[in-house]
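Scroll down for the structure; my scribbles are underneath it.
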Amino acid sequence: MSHGDEQGYSDYGDDAGHTRTRLPDHDPYGGAPRRPGRSPSRGLITVVGVVVLLIAAIAFANRGDHSSANTSTPKSSQPHTSPTSPTGTHPVQTKTNGIPSNFAHTGQGAESAAANYATALGSDGMFNTERRREIVQAIADPNTVSTLQSGFDADYSAAFLKKVGLNADGSAPKGSTFVNRTMPVGTKVTSYSGSAATVEVWCGGLFGLAGDTSTNPVSSSWFTMTMKLSWSNGDWKVLESAQKTGPTPVAGDNPVSGADEISKAVQEFGGFTYAR
Numbered sequence: 002m003s004h005g006d007e008q009g010y011s012d013y014g015d016d017a018g019h020t021r022t023r024l025p026d027h028d029p030y031g032g033a034p035r036r037p038g039r040s041p042s043r044g045l046i047t048v049v050g051v052v053v054l055l056i057a058a059i060a061f062a063n064r065g066d067h068s069s070a071n072t073s074t075p076k077s078s079q080p081h082t083s084p085t086s087p088t089g090t091h092p093v094q095t096k097t098n099g100i101p102s103n104f105a106h107t108g109q110g111a112e113s114a115a116a117n118y119a120t121a122l123g124s125d126g127m128f129n130t131e132r133r134r135e136i137v138q139a140i141a142d143p144n145t146v147s148t149l150q151s152g153f154d155a156d157y158s159a160a161f162l163k164k165v166g167l168n169a170d171g172s173a174p175k176g177s178t179f180v181n182r183t184m185p186v187g188t189k190v191t192s193y194s195g196s197a198a199t200v201e202v203w204c205g206g207l208f209g210l211a212g213d214t215s216t217n218p219v220s221s222s223w224f225t226m227t228m229k230l231s232w233s234n235g236d237w238k239v240l241e242s243a244q245k246t247g248p249t250p251v252a253g254d255n256p257v258s259g260a261d262e263i264s265k266a267v268q269e270f271g272g273f274t275y276a277r
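Quick note: the sequence shown, position 258, residue 259 per the working numbering, numbers continuous.
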C-alpha cells in the first residue's frame, strides 16, 4: 500500500498543496445569493408551533399515567432502527500500541476495526518513523506487515516530508502546528466471511500546517477508504487498503478560522474509539 492510498498523500503530485476550488458566495446550483427564506405567514407558523408544544406537553404529562388496561405497543407498529443510526456494542476496551484492538468476530466488529484503522493510518503519527512502525505492527496482518512497513517507509521519505513543510522527524516547524486527522463518518461491509471482510469507510479529513507563515494551510477533504481485513490471531487485521475521492458535500457558509484557533482546537480536542 502506498501513501497514495491515504488521505492527503495522493493529492500532492509535484505540488505540496491540494488543488482547491473556491465556491462562489451565491447558490452553487445557480440563482441569486443565498438568504434565509421568509415565510409567507409568520402568524400561521406561530400558531402551529404553539399547538405542537401543547400536544408535546400533554403527551409528556400523560407518560406516567398507567391506568390504561393495555399500554403495550404492537410489535408491528414499533419503530425500526435506521441502518445509519448508531447501533451495536460499545467500543473495545483494549489497545495495542495505542490503537483499539480485540474487535468482535462479526461484521460489526470488522466495521469498527476498519474505522479505527483508517483513523490511525490517517494520523500525524504516520509521519514519524518510530510511531509509523508501531501503527503498522498493531494493525497489519502478520503475512503482510513487512510489505506494508517497507512501502510506508519509502512513501514517507525525507524528500516527501520536506515537500509538505515538515522537519525530518515529521514534526512541524517552530511556530506551526501540523494537522493530519481522519474522521470516519460511516462504514459499510461489502463482503464478509468468518475469515475475511471488506469494509468501506467514508471519511472527512484535515491536513496542513496551521501557522502565520504556513504556505500549506489546513484544508478539509472527503474520501472513502476500502479495507480488506483478515481474521488473524483473534482480531481483525489489515491486508491492504485503497482510497477514492468523495462522496463530497457542498461546502457550508462557515467563516474560515485563523491559524491560532485551528492550532488550539487540534491541541484541545482528542480523537475517538469507533464502533457501530
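Glycine is no exception: its CB is placed at the ideal position from the N, C-alpha and C atoms.
Extent of the continuous beta strand (DSSP E) to which Val-180 belongs: 178–193
Val-219 - DSSP class collapsed to helix/strand/coil: coil
Residues that DSSP places opposite Ile-100 in a beta bridge: For Ile-100, DSSP records a beta bridge to Thr-97.
Buried or exposed by the 16-neighbour rule on C-beta atoms within 10 Å, applied to Lys-238: buried
Whole-Å CB distance - Ala-119 paired with Cys-204, under 8 Å assumed: With a Cβ gap of about 6 Å, Ala-119 and Cys-204 count as contacting.
For Ile-140, the three-state DSSP class (helix, strand or coil): helix
For Lys-229, the nearest candidate out of Asn-98, Asp-142, His-106 and Arg-133 (CA to CA): Asp-142
Run of the alpha helix (DSSP H) containing Phe-128, from where it starts to where it stops: Boundaries cannot be given for Phe-128, as no alpha helix (DSSP H) includes it and DSSP labels it neither H nor E.
Run of the beta strand (DSSP E) containing Phe-208, from where it starts to where it stops: 197–211
Proximal residues to Gly-166 (C-beta, below 6 Å), its chain only, five neighbours per side dropped: Here the set comprises Leu-210 and Asn-217.
Residue(s) in a DSSP beta bridge with Val-239: Ala-141 and Leu-230
Inter-residue Cα distance where the pair is Gly-108 and Tyr-275: 14 Å
For Val-186, the nearest candidate out of Thr-199, Thr-97, Gly-195 and Trp-223 (CA to CA): Trp-223
Nearest-angstrom beta carbon gap, Val-202 and Met-226 [assumed within contact, 8 Å]: 5 Å
Rounded straight-line distance, which links the Cα of Gln-150 to that of Arg-134: 7 Å
Residue closest to Gly-212, alpha-carbon to alpha-carbon, out of Val-267, Gly-271 and Thr-188: Val-267
Distance CB(Tyr-157)-CB(Met-184) smaller than 8 Å: Result no, Cβ atoms of Tyr-157 and Met-184 do not sit closer than 8 Å.
With 16 other Cβ atoms within 10 Å as the buried cut-off, status of Ser-194: Taking all protein chains shown into account, Ser-194 has fewer than 16 neighbouring C-beta atoms within 10 Å of its C-beta and is therefore exposed.
Ala-160 vs Ala-169 beta-carbon contact at 8 Å: Result no, Cβ atoms of Ala-160 and Ala-169 do not sit closer than 8 Å.
Minimum C-alpha distance to Lys-1 - residue among Val-180, Val-251 and Asn-103: Look at the range of the chain in this structure, 2 to 277, and you will see that residue 1 is not part of it.
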